[in-house]
Every structure is written in structure tokens, then in C-alpha cells.
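First comes the structure, then the notes that go with it.
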Amino acid sequence: MSQKTPRNFFKPLAIGAPDPMRELPIRLERMIHFVPPHLDKVRAKVPQMADQADVVLANLEDAIPADAKDAARDGAIEMGKMIDWQAKGTGFWSRVNPLNSPWFQEDVSRLVLEAGEQLDVIMLPKVEGPWDIHFADQYVAQLEAKAGLKRPILFHAILETAQGMALVEEIALASPRMQGISLGPADLAADRKMKTTRVGGGHPYYRVVDDPNEDGSKRESAQQDPWHYTIARMVDACRLAGINAFYGPFGDIADSEACEQQFRNAFLLGCSGTWSLHPSQIEIAKRVFSPAPDEVKFARRILEAMPDGTGVAMLDGKMQDDATWKQAKVISDLADLVSEKDPELAKAYAAD
């Protein structure tokens with residue numbers, strides 16, 4: 001048997017560890033803002049970032065040089081003590097180094113033992129199968145018991161290998177700690193041997209072309225999204241498990257228009273949020289992963305016309321039924337969550 005029985009699934013994995021969560025906390029997570037904790041100037045801005053971002057993440061993995069790993073770990077612990085993250089309501093996460101790296105155990109042990117009261121989620125890179133989650137699950141449970149934590153720390157996996165993608169459903173279902181999964185387009189592209197050096201987004205060579213014209217004139221073509229299938233499958237796996245799907249990084253910081261479109265594609269496909277690598281991407285993610293006021297108003301009209309979610313209603317010549325009621329509920333519930341953090345959008349959603 002490769003999975004725990006239902007009766008044992010929600011049992012703590014260590015004596016004294018907190019009970020696993022049966023339902024994920026309902027939180028606004030439109031963007032996970034990455035911070036390199038070893039840089040003093042950037043780390044000093046963390047309290048300000050906590051006012052702007054839904055989640056602030058201390059990054060210990062990629063983009064941190066090997067000779068800066070210890071400094072980054074120290075900086076992450078300091079970030080956890082800068083503010084009361086739990087009281088503020090901004091998520092505090094950390095991406096640790098991979099399980100097969102020489103830094104993983106110290107990353108996790110120090111984070112849990114020294115910042116566990118504030119840490120919401122550990123992001124696990126390069127997850128290849130449920131066995132990676134099972135190992136980390138048992139290890140963190142032991143540390144939680146040692147630290148005397150009363151609230152379990154959750155896991156967020158990154159899909160960065162073809163094997164991980166092939167086993168994405170098993171990864172999503174591996175533990176009650178699972179909070180969500182993000183797409184890691186750069187490492188996944190390399191592992192798949194995709195011929196691109198871009199980090200997310202479309203590619204000018206990935207296109208469809210019209211049939212030949214009778215007059216021999218130039219044929220129209222359109223750039224396509226090579227990540228469409230991957231994101232859709234990841235979203236399905238996450239929803240199967242009752243967890244959240246996230247788009248990952250968009251590497252071209254200067255191309256805000258393409259970044260916004262990639263984020264929007266992921267939002268429409270069902271992703272809850274994305275990563276932001278630069279403060280400019282925080283604002284893009286806020287805009288994209290918050291439903292538009294016009295859509296919110298129409299969704300709420302559907303809910304008002306069908307209070308119990310049954311029957312049929314006609315609004316502006318469009319038929320509404322129980323299926324569209326469910327779609328409207330998704331948008332309205334998200335708008336309620338956004339309104340709690342964004343007064344300006346709350347006003348826009350409430351305006352006539």
C-alpha cells in the first residue's frame with residue numbers, strides 16, 4: 001500500500017506534534033514575494049513588503065550562492081522575528097534547499113525550531129514523488145514536537161522535473177500538510193529538454209499557422225503558450241486534493257505586459273496566485289489575481305437571482321443555472337477575501 005489509510009492520514013507523525021489540519025486556512029495568496037535573506041538592504045525592507053504582499057518568502061535555494069547559504073538561513077530566521085506575521089495576516093514562507101542538498105536538514109531544523117511560531121509554509125523544491133513529501137513530513141513533525149508548536153507548518157511543492165509532473169496527483173495527495181503546488185518552468189524546461197532559455201511565458205517559435213492562402217499571400221500565425229497543458233494538469237491535481245495551484249516565476253522583469261498576460265492565463269485556468277520576483281510584479285499580481293469589479297457585480301447578480309443555487313434565471317439575455325451559480329460563487333467568495341485586505345477594491349466591488 002503506497003498511501004496511508006483514511007483513519008491514519010490525519011494522525012500526527014511524531015509524539016507531541018500538532019494534529020494535521022483537516023482544512024486549509026482561508027487566506028488571500030495572490031502573490032508569493034521572494035526575498036533573498038542574505039542581502040541586508042533587501043531584508044531591511046521586509047516590514048514594508050509585508051504591507052504590500054499577501055505572502056513574503058525567505059528564499060534559501062536558487063539565486064542564493066553556495067557561499068551565502070548560511071547567511072541566507074540566518075537572514076530568514078531574522079525575517080521571522082521582524083514582525084508578528086500571524087497577527088498581521090501576511091503569510092511568512094521559506095523555500096528551503098532540495099532534499100538531496102547538503103543544506104536541507106539545517107534549513108528545515110533551524111526554521112522550525114527558531115521561527116516555527118511564525119512560519120506558515122515550507123516550500124520544497126524539485127519534488128519528484130510522494131516519497132519526498134513523506135520524508136519531509138516525518139522530519140518536520142519531529143521538529144514541531146521538539147519546538148512545542150501547536151500549529152502545523154504546511155508544505156508547498158514545486159514541479160521542476162518531468163517525473164514530478166508525471167506524479168503530480170500523488171504529490172498533491174501525499175500529506176495533509178500540502179498547501180499547494182507551483183510550476184517551476186525553468187528547471188522543468190531543462191529536465192524536459194525543451195529548447196528555450198526563457199523562465200515562463202510564451203515563445204516566438206511556438207506557434208500555429210493559418211492554412212495557405214490561394215493568392216499566395218503571407219499566412220497569419222499566432223504565438224502559443226507552451227505551459228498551457230502543464231498548468232491545467234497541475235490545477236486539476238491540486239483541486240483533486242483540495243489544495244491550491246500557483247503559477248511560478250516570470251523571469252523577464254522588464255516585460256510587464258507579457259508578465260501580466262501569463263499571470264492572467266494562469267488565473268483563468270484556476271491558479272490562486274503566482275510568484276513575484278520584483279516589487280513591480282506584486283502590483284501586477286494584485287491586479288490580475290483579484291477579480292474585476294464588473295465580473296464581481298455580475299456574479300453577485302447571479303447569486304441574488306438564484307439564492308439557493310437551483311433553478312434557472314435569465315440575466316442580460318444569458319441563461320444562468322446551477323453550474324453558473326457555482327462559477328459566480330467562486331468569484332464572489334474571492335472578492336470577499338480581497339475586500340478584507342484591499343479597501344479600494346472593496347469600494348469598487350460595492351459600488352453601484
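Here full-length UniProt numbering is used: the first residue of the sequence shown is 1, the next is one more, and so on. Each residue gets a CB set at the ideal place from its N, CA and C atoms; glycine is no exception. Model, not experiment: these values are computed from the prediction.
Grab the span of the alpha helix (DSSP H) containing residue i for me, first residue to last.
| i | result |
| --- | --- |
| residue 268 | 256 to 269 |
| residue 33 | Unbroken run through residue 33 is the beta strand (DSSP E), 31 to 35; no alpha helix (DSSP H). |
| residue 82 | 69 to 82 |
| residue 86 | 85 to 88 |
| residue 164 | 162 to 166 |
| residue 207 | Unbroken run through residue 207 is the beta strand (DSSP E), 207 to 209; no alpha helix (DSSP H). |
| residue 177 | Taken as a continuous stretch (DSSP letters only), residue 177 belongs to no alpha helix (DSSP H), as it is neither H nor E. |
| residue 228 | 228 to 241 |
| residue 158 | Run containing residue 158: none in the alpha helix (DSSP H); it sits in the beta strand (DSSP E), 154 to 159. |
| residue 108 | 104 to 115 |
| residue 122 | It is not in any alpha helix (DSSP H) - residue 122 instead sits in the beta strand (DSSP E) that spans 121 to 124. |
| residue 350 | 343 to 350 |
| residue 135 | 130 to 147 |
Got a sec? Which residues, its chain only, sit under 6 Å from residue i by beta carbon, not counting five neighbours each side?
| i | result |
| --- | --- |
| residue 156 | 121, 123, 179 and 180 |
| residue 237 | 168, 169 and 172 |
| residue 351 | none |
| residue 14 | 141, 142 and 145 |
| residue 320 | 302 and 313 |
| residue 300 | 332 |
| residue 20 | 10, 152 and 176 |
| residue 163 | 128 |
| residue 311 | none |
| residue 309 | 322 and 325 |
| residue 341 | 28 |
| residue 187 | 160 |
Please list the terminal residues of the continuous beta strand (DSSP E) segment that includes residue i.
| i | result |
| --- | --- |
| residue 319 | 318 to 320 |
| residue 276 | 274 to 276 |
| residue 190 | Note, residue 190: premise wrong, no beta strand (DSSP E); alpha helix (DSSP H) at 185 to 192. |
| residue 355 | Residue 355 lies beyond the stretch modelled for the chain, which goes from 1 to 352, so this question has no answer here. |
| residue 93 | 91 to 95 |
| residue 8 | No beta strand (DSSP E) contains residue 8, which is instead part of the alpha helix (DSSP H) from 6 to 9. |
| residue 223 | 221 to 223 |
| residue 315 | 313 to 315 |
| residue 42 | It is not in any beta strand (DSSP E) - residue 42 instead sits in the alpha helix (DSSP H) that spans 40 to 43. |
| residue 282 | Note, residue 282: premise wrong, no beta strand (DSSP E); alpha helix (DSSP H) at 279 to 288. |
| residue 58 | 55 to 59 |
| residue 246 | 244 to 246 |
Keeping to the same chain, check which residues put their C-beta closer than 8 Å to that of residue i; ignore five residues upstream and five downstream.
| i | result |
| --- | --- |
| residue 108 | 96, 122, 136, 139, 140 and 143 |
| residue 1 | Note that residue 1 scores 46 on pLDDT, short of 50, meaning its location in the model is unreliable; the coordinates nonetheless yield the value given after this. Counting only Cβ-Cβ distances below 8 Å, and skipping sequence neighbours, we find nothing. |
| residue 213 | 219 |
| residue 116 | 143, 144, 147, 149 and 153 |
| residue 315 | 298, 301, 302 and 305 |
| residue 239 | 245 and 270 |
| residue 104 | 96, 97 and 98 |
Ordered along the chain, which non-local residues of its own chain (more than five positions away) have a Cβ less than 7 Å from that of residue i?
| i | result |
| --- | --- |
| residue 222 | 207 and 208 |
| residue 266 | 231, 247 and 274 |
| residue 256 | 280 and 284 |
| residue 282 | 31, 33, 52, 53 and 276 |
| residue 355 | The chain is shown only over 1 to 352; residue 355 falls outside these bounds and no answer can be derived. |
| residue 38 | 64, 68, 71, 72 and 75 |
Determine, using beta carbons only, whether residue i and residue j come nearer to each other than 9 Å.
| i | j | result |
| --- | --- | --- |
| residue 148 | residue 114 | no |
| residue 185 | residue 249 | yes |
| residue 89 | residue 151 | no |
| residue 32 | residue 54 | yes |
| residue 191 | residue 160 | yes |
| residue 243 | residue 296 | no |
| residue 125 | residue 61 | yes |
| residue 251 | residue 199 | yes |
| residue 82 | residue 42 | no |
| residue 293 | residue 345 | yes |
| residue 182 | residue 158 | yes |
| residue 91 | residue 23 | no |
| residue 197 | residue 226 | no |
| residue 50 | residue 85 | yes |
Could you check how far apart the C-beta atoms of residue i and residue j are, in whole angstroms? I think they sit under 8 Å.
| i | j | result |
| --- | --- | --- |
| residue 58 | residue 76 | 4 Å |
| residue 119 | residue 111 | 6 Å |
| residue 354 | residue 235 | For residue 354 there is no data in the structure shown, the boundaries of the chain being 1 and 352. |
| residue 349 | residue 335 | 5 Å |
| residue 134 | residue 166 | With a Cβ gap of about 18 Å, residue 134 and residue 166 do not count as contacting. |
| residue 201 | residue 262 | 5 Å |
Should residue i be flagged as near chain B, meaning a C-beta pair shorter than 9 Å?
| i | result |
| --- | --- |
| residue 125 | Among the protein chains of the structure shown there is no chain B, as only one such chain exists. |
Does the stretch 302 to 320 touch the stretch 260 to 279, meaning 3 or more C-beta pairs lie closer than 8 Å? no
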